[in-house]
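Residue numbers (full-length UniProt numbering): 1 to 150.
First the structure, in the form of structure tokens, and then the observations on it.
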């Protein structure tokens, strides 16, 4: 079942959410302007947003700053180079002032001198605020032994 509103605002909502998704993935790219891209995440998250990594273990729950800080370190201290994450495919559903984006993503880079690639799924939950759409929650899980994207 797909639930969404109709009317002229839908295209604007979709465009705004798509822009936030691009900002989210762009933040996880090493190299020039990495710090600025990570700082941009604070503008697209609610300050109280919850971010959760599952990946086969006990879920790890982050606040916005607790999520950004270790990624900033990895992406800027030389541990993780030539890294990027990107959306492979996804879909957005909107109803009134809430929305969700569920997507497949891929990543590639070099960590401690060893190249790697990976894929997984992410879900981003959005709410409309007086300042526009913001991410209220995010969660992800990565492929691993026994769990593959179909």
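By construction, the Cβ of each residue, glycine as well, lies at the ideal position given by its N, Cα and C atoms.
Fair warning: this is a prediction, and the values are worked out from it, not measured in the lab.
Where the alpha helix (DSSP H) containing residue 47 begins and where it ends: No alpha helix (DSSP H) contains residue 47, which is instead part of the beta strand (DSSP E) from 45-53.
Fully enclosed by the segment 19-97, which beta strand (DSSP E) runs are 3 residues long or longer? 45-53, 60-62 and 80-95
If the criterion is Cβ atoms closer than 9 Å, does the pair residue 43 and residue 23 meet it? yes
Stretch pair the segment 95-106 + the segment 44-54: three plus CB contacts closer than 8 Å: no
Where does residue 20 land, buried or exposed, given buried means 16+ other C-beta within 10 angstroms? buried
So the beta strand (DSSP E) residue 132 belongs to, where does it begin and stop? 132-142
My understanding is that residue 41 touches residue 27, with C-beta atoms under 8 Å, so please give their C-beta distance in whole angstroms. 5 Å
Three-state secondary structure (DSSP) at residue 115? strand
If you measure between the beta carbons of residue 120 and residue 133, is that distance less than 9 Å? no
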